[in-house]
Amino acid sequence: MSATEFFDSPQGRRIAYHRSEGQGPWVVFLGGLKSDMEGTKAVHLEAWAKAQGRAFLRFDYSGHGESSGTFEEGCIGDWHEDTVAVIEALTKGALVPVGSSMGGWQALLLARALPERIHGLVTVAAAPDFTEDGYWASFTDAQKQALEELGHVELPSDYMEPYIISKRMIEDGRNNLVLRSDLSLPFPVRCLQGTADTAVSTETALRLVDHVACDDMRLTLVKGADHRFSDAACLALIEEAVVEVLRAAG
944 MSATEFFDSP QGRRIAYHRS EGQGPWVVFL GGLKSDMEGT KAVHLEAWAK AQGRAFLRFD
1004 YSGHGESSGT FEEGCIGDWH EDTVAVIEAL TKGALVPVGS SMGGWQALLL ARALPERIHG
1064 LVTVAAAPDF TEDGYWASFT DAQKQALEEL GHVELPSDYM EPYIISKRMI EDGRNNLVLR
1124 SDLSLPFPVR CLQGTADTAV STETALRLVD HVACDDMRLT LVKGADHRFS DAACLALIEE
1184 AVVEVLRAAG
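Position in the sequence shown (first residue = 1) + 943 = the working numbering.
Spelled out as structure tokens, the structure:
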């Protein structure tokens, strides 16, 4: 496996990445909250892309994996800046972002920021607007008070140690919502969602499909698949979705 490389962003953050040259469009993996570029989906897609001779990029947001900073300092807007900076510096031409969970939100923000470069889009258990519709909407009065007084709350996770959610993350999330205003995706979009996902609901996936203006958008529900969406069958579905988007867009 190639060694991790690093990019210093215009915002002064040191971003870790793995990049492999090949035929465009570039497939770019956008990971989830507190995940990193060494996850099963990211590494599997890289191997697939290399076997296909396809250009590929995976990276760690600031406060994640090998990149600089701490998770508690970050927010959706910071990670959007990281995404745009890395892509502008390390890729050229058309893109096919593959966004997992929070990475699905990041993919939608990327499509809004660089629409002319998006060839197609794939999401896996996309979690747009989760800071508002998931966290804030479910906070108790005591948690909202703690957010004001302490500046953060601690939330349990089904997959790792508790999340520390800062007041800044909630407030910044409101500046990056994508389901409250028009969102046009004029390219092929494929969304994958497990019915046994306890982190992102099927209703969220349906809401996204209903909200977006797109002439070629499909949602695949996988019975029994959980939020990881990383067993062999699910990984094959991700591959198929990427191939379909590449083919559909010409």
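Every residue, glycine too, gets a C-beta built ideally from N, C-alpha and C.
Going by the DSSP bridge assignment, what does residue i pair with across the sheet?
i	result
L973	G1042
C1252	Missing from the structure shown is residue 1252; the chain here goes from 944 to 1193 and no further.
F950	I958
A1226	Residue numbering for the chain in the displayed model covers 944 to 1193; residue 1226 lies beyond these limits and cannot be assessed.
H1095	S1109
L1180	None; L1180 has no bridge partner.
F999	S963 and V970
I1061	L1038
Going by other Cβ atoms of all chains shown within 10 Å of its Cβ, with 16 needed for buried, is residue i buried or exposed?
i	result
L1093	exposed
S952	buried
G1042	buried
R1117	exposed
K977	buried
E964	exposed
A990	exposed
S1198	The structure shown does not extend to residue 1198, since the chain spans only 944 to 1193, so no value can be given for it.
Q1049	buried
P1105	exposed
G975	buried
S1005	buried
T1013	exposed
A992	buried
G1008	buried
F1073	buried
A994	exposed
F1002	buried
A1142	buried
From residue i to residue j, what distance separates their C-alpha atoms?
i	j	result
E1114	G1017	12 Å
A1184	A998	16 Å
E1097	L1151	27 Å
G1036	F1130	15 Å
Y1078	S1109	11 Å
S1127	P1071	15 Å
E1024	I1030	10 Å
D1076	R1190	34 Å
S1173	E1182	12 Å
V1194	C1177	It is not possible to answer for residue 1194, since the shown part of the chain is limited to 944 through 1193.
W969	T1026	14 Å
S1124	A959	33 Å
D979	H987	13 Å
G996	G967	9 Å
T1163	G982	22 Å
H961	A1032	13 Å
T1034	E948	14 Å
R1111	A1056	22 Å
Hey, residue i and residue j are a contact pair by Cβ (cut 8 Å); roughly how many whole angstroms apart?
i	j	result
V1067	K984	7 Å
V1132	D1153	About 13 Å; that fails the 8 Å criterion.
R956	S1011	5 Å
G1137	A1168	3 Å
L973	G1046	3 Å
A1069	A1148	7 Å
V1121	L1052	7 Å
D1140	H1170	5 Å
Item to check | Cβ contact check for the stretch 1053-1068 and the stretch 1077-1091: 3 or more pairs under 8 Å | outcome: Too few Cβ pairs lie closer than 8 Å, so no.
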